[in-house]
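First up is the structure itself, then whatever we jot down about it.
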Amino acid sequence: MELSLTTREIAGHEVVHVRGEVDVYTSSVLRERLIELIDGGARSVVVDLTQVDFLDSSGLGVLVGALKRLRTTEGDLSLVITSDKLLKIFKITALDRVFALHDTVEAATRVPRTG
Amino acid sequence: MELSLTTREIAGHEVVHVRGEVDVYTSSVLRERLIELIDGGARSVVVDLTQVDFLDSSGLGVLVGALKRLRTTEGDLSLVITSDKLLKIFKITALDRVFALHDTVEAATRVPRTG
Amino acid sequence: MSTVRLAFSAAPQYVRTARLVAAAVARRAGVADDLLHDVRLAMGEACGRAVARHQRHELDALVQVEMTDDGPYTVRVTDAYDGGGSDNDDDGDAADQMAETVLAGLVDDLTVDGGEVRMSWPVRRRLAWR
Amino acid sequence: MSTVRLAFSAAPQYVRTARLVAAAVARRAGVADDLLHDVRLAMGEACGRAVARHQRHELDALVQVEMTDDGPYTVRVTDAYDGGGSDNDDDGDAADQMAETVLAGLVDDLTVDGGEVRMSWPVRRRLAWR
Ligand SMILES: Nc1ncnc2c1ncn2[C@@H]1O[C@H](COP(=O)(O)OP(=O)(O)O)[C@@H](O)[C@H]1O
Ligand SMILES: Nc1ncnc2c1ncn2[C@@H]1O[C@H](COP(=O)(O)OP(=O)(O)O)[C@@H](O)[C@H]1O
Numbered sequence: 029m030e031l032s033l034t035t036r037e038i039a040g041h042e043v044v045h046v047r048g049e050v051d052v053y054t055s056s057v058l059r060e061r062l063i064e065l066i067d068g069g070a071r072s073v074v075v076d077l078t079q080v081d082f083l084d085s086s087g088l089g090v091l092v093g094a095l096k097r098l099r100t101t102e103g104d105l106s107l108v109i110t111s112d113k114l115l116k117i118f119k120i121t122a123l124d125r126v127f128a129l130h131d132t133v134e135a136a137t138r139v140p141r142t143g
Numbered sequence: 029m030e031l032s033l034t035t036r037e038i039a040g041h042e043v044v045h046v047r048g049e050v051d052v053y054t055s056s057v058l059r060e061r062l063i064e065l066i067d068g069g070a071r072s073v074v075v076d077l078t079q080v081d082f083l084d085s086s087g088l089g090v091l092v093g094a095l096k097r098l099r100t101t102e103g104d105l106s107l108v109i110t111s112d113k114l115l116k117i118f119k120i121t122a123l124d125r126v127f128a129l130h131d132t133v134e135a136a137t138r139v140p141r142t143g
Numbered sequence: 098m099s100t101v102r103l104a105f106s107a108a109p110q111y112v113r114t115a116r117l118v119a120a121a122v123a124r125r126a127g128v129a130d131d132l133l134h135d136v137r138l139a140m141g142e143a144c145g146r147a148v149a150r151h152q153r154h155e156l157d158a159l160v161q162v163e164m165t166d167d168g169p170y171t172v173r174v175t176d177a178y179d180g181g182g183s184d185n186d187d188d189g190d191a192a193d194q195m196a197e198t199v200l201a202g203l204v205d206d207l208t209v210d211g212g213e214v215r216m217s218w219p220v221r222r223r224l225a226w227r
Numbered sequence: 098m099s100t101v102r103l104a105f106s107a108a109p110q111y112v113r114t115a116r117l118v119a120a121a122v123a124r125r126a127g128v129a130d131d132l133l134h135d136v137r138l139a140m141g142e143a144c145g146r147a148v149a150r151h152q153r154h155e156l157d158a159l160v161q162v163e164m165t166d167d168g169p170y171t172v173r174v175t176d177a178y179d180g181g182g183s184d185n186d187d188d189g190d191a192a193d194q195m196a197e198t199v200l201a202g203l204v205d206d207l208t209v210d211g212g213e214v215r216m217s218w219p220v221r222r223r224l225a226w227r
């Protein structure tokens with residue numbers, strides 16, 4: 029029900045593992061963590077959503093906000109998504125074409141750092 | 029959430045394994061099964077409540093009804109209960125002194141058939 | 098102050114909905130985890146009683162539930178039966194009696210007044226979330 | 098006909114409560130299991146929008162939700178913002194916009210009319226239980 033976040037660095041990427049529901053009640057927690065990382069100098073951020081069973085438009089808003097912030101510093105945000113339910117909301121909002129989506133954290137961290 | 033019932037005979041006792049929640053929504057299903065057994069000639073009925081995570085006063089009502097019906101034919105009803113939460117509602121209503129309560133189905137079916 | 102109200106047609110399945118809401122709102126209000134089963138059970142008994150009264154007296158009105166958490170977590174369940182008409186359904190009375198016995202044993206702060214059941218549980222203010 | 102109403106103070110935690118109730122009531126109404134995630138999400142979006150509108154305009158009134166299942170499972174979420182006052186909070190507008198885009202893509206039968214969101218899903222009548 030609640031949200032839990034774990035962050036680790038993999039090959040120059042900051043990987044945030046998210047577990048739980050990202051919604052109007054919890055998305056602020058994810059926002060703060062992402063801002064913290066970006067303000068701390070992270071340039072490639074990977075958000076692992078494979079353990080997320082619910083994400084709403086406020087969660088999307090947080091991800092879009094982080095992407096915008098990263099782009100001002102030539103940074104990058106990519107997402108790891110495996111569930112069709114989650115994918116659906118990205119497709120509805122056409123955000124599947126805005127974010128780099130991956131099936132695994134491995135695939136996401138294998139991508140060369142741009143910029 | 030829903031209720032599921034399995035009945036088997038052990039050493040002359042009819043054992044009804046109950047799984048789920050016994051409440052205003054489902055207790056009628058348990059009532060019908062018990063009446064069926066008693067009308068079919070069962071004299072010792074054991075209701076196994078170890079897999080029940082919720083039981084309310086309508087569930088208690090069904091058990092009391094079955095006990096009354098069995099007593100008119102010198103029959104017996106015993107219960108298998110392990111959870112403190114369930115035990116609490118029997119204590120509140122003093123029904124822990126009306127029913128024979130056991131920790132295991134084994135203990136309940138080891139009891140000699142009276143009457 | 099926070100308020101959640103629930104109103105539902107007098108059918109047993111919505112008693113389950115009310116239990117679900119009771120536990121969710123109580124948890125957010127800061128009721129201790131080991132009281133949540135009591136809260137669910139008490140809400141179920143109060144709503145089951147209200148549904149039975151509506152059904153017995155063929156009332157179409159909705160059963161009303163109100164939860165507030167300014168101060169203790171407080172629940173009020175109100176049915177629409179005003180005490181009129183015939184009420185000699187023994188089966189109903191026995192069931193009502195059982196529900197009221199469970200409520201009385203379960204809830205320290207309880208008032209049953211005709212069609213209204215009021216109950217409350219202490220909350221420990223959450224200092225921080227998580 | 099069955100009706101369930103929920104009303105709650107404009108706080109994010111009750112959006113979760115509304116989602117919980119939406120799924121429970123929809124399931125009992127006979128909405129197909131593979132639609133339940135959409136129902137939860139749509140209820141969350143509609144209620145999140147209503148909560149944001151109340152908070153932005155500092156309205157104390159409760160957000161109102163009504164579910165009925167005479168015919169399709171129908172949800173109506175109503176907020177108390179009447180369109181008056183200043184509404185040039187860009188952040189709010191972007192969030193509202195995102196919520197409305199999700200709703201539009203998610204719900205076939207949707208009407209958004211100011212402070213009211215109406216939506217419905219087909220039910221397949223359960224022939225028998227278990
Ligand atoms: N367990 C949690 N996990 C993630 N975020 C939470 C959690 N609890 C609360 N939050 C976030 O913190 C905000 C305030 O939380 P809440 O506990 O409701 O406040 P308060 O401490 O004032 O009672 C929420 O709106 C939500 O964004
Ligand atoms: N899955 C179930 N498990 C146990 N009992 C059930 C179940 N579904 C329904 N019941 C019982 O049957 C009664 C009528 O069920 P319901 O499915 O709501 O009626 P209908 O078939 O008229 O829609 C309920 O009040 C409850 O006692």
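Protein chains in written order, with the working numbering: chain F, 29 to 143; chain A, 29 to 143; chain P, 98 to 227; chain U, 98 to 227.
We put the CB at the ideal spot given by N, CA and C, even for glycine.
Just the C-alpha distance for residue i and residue j, rounded to the nearest angstrom, thanks.
i	j	result
A:HIS130	A:SER56	24 Å
U:GLU197	A:ILE109	50 Å
A:VAL73	P:ALA126	43 Å
A:GLU102	A:ASP112	30 Å
U:GLY141	P:ALA191	41 Å
A:SER85	F:VAL43	51 Å
F:GLU30	F:VAL50	8 Å
U:LEU200	F:PHE118	13 Å
A:SER106	U:ALA120	37 Å
U:SER99	P:ASP157	10 Å
P:SER217	A:ILE120	18 Å
A:GLY89	U:ALA147	43 Å
U:PHE105	P:GLN152	27 Å
A:GLU64	A:THR132	24 Å
Could you tell me whether any Cβ in chain U is nearer than 8 Å to the Cβ of residue i?
i	result
F:LEU88	yes
P:ARG227	Residue confidence is low: P:ARG227 scores 42 on pLDDT, short of 50, so the model does not pin down where it sits. No coordinate-derived value is stated.
P:TYR111	yes
P:ARG102	yes
P:VAL128	no
Less than 8 Å between CB atoms is the rule here; does residue i satisfy it with respect to chain P?
i	result
U:SER99	yes
A:SER14	Any property of residue 14 of chain A remains undetermined from this structure, which presents chain A solely from 29 to 143.
U:LEU224	The predicted model places U:LEU224 with a pLDDT of 47, which falls under 50 and marks its position as unreliable; any figure quoted below should be read in that light. Not an interface residue.
U:LEU117	yes
U:SER106	yes
A:ILE117	yes
Which two residues bound the contiguous alpha helix (DSSP H) that contains residue i?
i	result
A:SER85	85-99
P:LEU136	First, the residue type needs correcting, since residue 136 of chain P is Val and not Leu in the sequence shown. Where P:VAL136 is concerned, the enclosing alpha helix (DSSP H) stretches over 133-153.
P:ALA121	109-126
A:VAL126	No alpha helix (DSSP H) holds A:VAL126; DSSP gives it neither H nor E.
Measure the Cβ-Cβ separation of residue i and residue j and say whether it is below 8 Å.
i	j	result
A:VAL46	A:GLN79	yes
U:VAL220	U:TYR178	no
U:VAL209	P:THR114	no
F:LEU62	F:ALA94	yes
U:VAL118	P:VAL174	no
P:LEU103	P:VAL162	yes
For residue i, would you say it is in contact with chain F, using Cβ-to-Cβ distances shorter than 8 Å as the test?
i	result
U:HIS154	no
U:MET195	yes
U:HIS134	yes
I want to see whether chain A comes within less than 8 Å of residue i, judged by CB atoms only; does it?
i	result
P:GLY212	no
Between which two residues does the beta strand (DSSP E) carrying residue i extend?
i	result
P:VAL160	160-165
U:ASP210	206-210
A:THR54	Run containing A:THR54: none; DSSP gives neither H nor E here.
Please determine, among the options, the residue with the shortest C-alpha to C-alpha distance to residue i.
i	options	result
F:GLY69	F:ASP76, F:GLY89 and F:GLY40	F:GLY40
U:GLU155	U:GLY180, U:LEU133 and U:MET164	U:GLY180
P:ASP205	P:ASP135, P:ASP193 and P:ARG102	P:ASP135
P:LEU203	P:GLY145, P:LEU138 and P:HIS151	P:LEU138
P:MET195	P:LEU103, P:ARG124, P:ALA143 and P:ASP131	P:ALA143
P:VAL128	P:GLY211, P:VAL160, P:VAL101 and P:ASP166	P:ASP166
F:ALA135	F:THR100, F:ASP76 and F:ALA122	F:ASP76
A:THR54	P:TYR111, P:ASP131 and P:VAL101	P:TYR111
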